[in-house]
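Q: Under the numbering used here, the first residue of the sequence shown carries the number 11, and numbering increases by one thereafter.
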Amino acid sequence: MFRKNILLFVLLGLLTALISGWTFLPQQNVGEQLLPPEIEFGRSIRFNLILNQYNEVESAFVILKPNGQETLIIPFPSPLGQSNQAVLDLTGQPLRPFTTVEYWYRLEMNNGNSLIGEKSTFFYEDNRISWQRLSGEQFNIAWQQGDLVFGQQALDVAEQSLHSTLKILDTGLQTTVSIYIYPSARELQTVLNLNPNSWVAGHASPDLGVILLSIPPGPDQRAEMERQIPHELMHILQYQLAGEAYTHLPVWLTEGLASMAELYPNPEYQRVLKKASESDTLLPFVNLCSTFPAELSGAILSYAQSASFVRYLYQNYGASSLRELIL
């Protein structure tokens, strides 16, 4: 019995040591430190890694996981030294503007082990601009040109737009929305890497809760806010309702809803719709399911037709019919 107890004690000791080895084996430390990234919006992001014992490291990487994009792995150039820099070329591998990016480092050691650093995040905001900022309960407003009155007006219109869009779609806003206002469509299109001839004046990234607008300060600023803000806000509400299926909804539905939500509708819609109807040149709705025409005249007619049809559905069948189409 005594010998059995001794044997059992030895086995338990070995098992404890083995488990301890698995659980409490200290991670190798080479004095590593990944500094905060240096961001040059639209051009590059530089990552600086300090390795005090670099001779023990075979290779090093910085790993990025942008919201809504695939993981990026960027190697630090060899041979490694005490100070190392890896560069993400944003002209070749662009990040979505105003997205949150998770990042960390990975070291491959000479002895075959791997060291993985703690995860951190950075916000990929347009840092070329000294933004003016104003916040409300559900909206953060940032604008480049204009005074405080301009920013307050944008915040007021955003809150009014939310109230009116909720009547159409009957769904709540589940997240704080950030609205960035550029002073021209050209500057906005540059941020989005669009063709200079593009007609795009506003953009929503519904999964990020971000709206980008182009509104210059001036006598027409209120009308432009009442057109652009509710339009893009409606896209965010649709995404919150549909989830990932949002990207599979017909464009005539998503853009028709957004256009119908405008507090100050585009005055061109009625004119081009009447002209196309009289000349029998209305666009087939089957052609408006996946995309709208690239040229401005075709795009305006597409928006006008979509808004008219969705408004008809809303007026005759109510908000529930629109929810059913989305869901």
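Heads up, the beta-carbon is just placed ideally off N, CA and C, and yes, glycines get one too.
Enumerate in chain order the residues of its own chain whose CB-to-CB distance from K129 is below 6 Å, with the five nearest sequence positions on each side excluded.
A: Excluding positions up to five away in sequence, the list reads E112 and W114.
Q: For M270 and Q325, I'd like the C-alpha separation in whole angstroms.
A: M270 and Q325: Cα-Cα distance of roughly 11 Å.
Q: Under three-state DSSP, which class holds G91?
A: Three-state result, G91: coil.
Q: Which stretch, first to last residue, makes up the alpha helix (DSSP H) that contains Y327?
A: L306 to Y327 is the span of the alpha helix (DSSP H), which, as asked, contains Y327.
Q: Are the beta-carbon atoms belonging to F132 and L218 less than 8 Å from one another?
A: Not closer than 8 Å, so no.
Q: So, with DSSP's three-state summary, where would you put T185?
A: Residue state, collapsed to three classes: coil.
Q: Given P104, which residues of its chain have a CB within under 7 Å of its CB, disregarding the five upstream and five downstream residues?
A: Closer than 7 Å at the Cβ level, and outside the excluded window around P104, lie N203.
Q: If I measure Cβ to Cβ from P342 and keep anything under 6 Å in the same chain, skipping five residues before and after, which residues do I get?
A: Since the first residue shown for the chain is 11 and the last is 337, residue 342 is missing from the structure and cannot be characterised.
Q: Determine whether the beta carbon atoms of I189 and A211 lie at a separation below 8 Å.
A: Going by C-beta atoms, I189 is not nearer than 8 Å to A211.
Q: Among all the DSSP beta bridges, which residues are the ones paired with E112?
A: In the DSSP output, where bridge partners are listed per residue, E112 has K75 and T131.
Q: From this set, K177, P87, E42 and N58, which residue's C-alpha is nearest S331's C-alpha?
A: Comparing Cα positions, the closest option is K177.
Q: Quick check on the DSSP output: the beta strand (DSSP E) that includes I126 runs from which residue to which?
A: Start and end: S124 to I126.
Q: Starting from A286, follow its DSSP beta bridges and name the residues at the other end.
A: In the DSSP output, where bridge partners are listed per residue, A286 has none listed.
Q: Looking only at C-alpha atoms, which of L44, L98 and N123 sits nearest to N58?
A: Selected option, being the one with the closest Cα: L44.
Q: Output the boundary residues of the alpha helix (DSSP H) element that contains Q238.
A: Looking at the DSSP string, the run of the alpha helix (DSSP H) that includes Q238 is Q231 to A252.
Q: Please work out which residues of its chain come closer than 7 Å, Cβ to Cβ, to F160, disregarding the five sequence neighbours upstream and downstream, and give them in chain order.
A: Closer than 7 Å at the Cβ level, and outside the excluded window around F160, lie W153, P227 and Q231.
Q: Over the uninterrupted beta strand (DSSP E) stretch that includes R106, give me the two end residues.
A: Element bounds for R106: n/a, residue is neither H nor E.
Q: Assess, as a yes-or-no matter, whether the segment 48 to 67 is touched by the segment 94 to 102 under the definition of 3 or more beta carbon pairs within less than 8 Å.
A: Touching, yes, given that three or more Cβ pairs across the two stretches are closer than 8 Å.
Q: If you drop the 5 nearest sequence neighbours on each side, which residues of the same chain put their C-beta closer than 7 Å to that of E334?
A: Same-chain partners within the cutoff: there are none.
Q: Identify, in the order they occur along the chain, each residue of the same chain with its Cβ nearer than 7 Å to the Cβ of W209, setting aside the five sequence neighbours on each side.
A: Same-chain partners within the cutoff: L306 and A309.
Q: Note the first and the last residue of the continuous beta strand (DSSP E) segment covering V220.
A: It spans V220 to S224 - the beta strand (DSSP E) in which V220 sits, taken as one unbroken run.
Q: From the DSSP output, in three-state form, read off L100 for me.
A: Three-state DSSP puts L100 in coil, outside helix and strand.
Q: Using the three-state DSSP reduction, which class does S69 fall into: helix, strand or coil?
A: Looking at S69 - three-state DSSP - the assignment turns out to be strand.
Q: Taking the Cβ atom as the reference point for each residue, do G266 and F319 lie within a distance shorter than 8 Å?
A: Contact flag set, yes.
Q: Quick one: is Q2 buried, meaning 16 or more other Cβ sit within 10 Å of its Cβ, or exposed?
A: In the structure displayed, the chain extends from 11 to 337; residue 2 sits before or after that span and is not available.
Q: Pick out whichever of S300, S194 and P240 has its Cα sitting closest to the Cα of L172.
A: Looking at the Cα atoms, P240 is the closest of the given residues.
Q: Using only alpha-carbon positions, find the residue among Q63, S174, W141 and E42 that is nearest to R237.
A: Here the closest residue by C-alpha is S174.
Q: Measuring CB to CB, does Q250 end up less than 8 Å from T181?
A: The answer is yes: Cβ separation under 8 Å.
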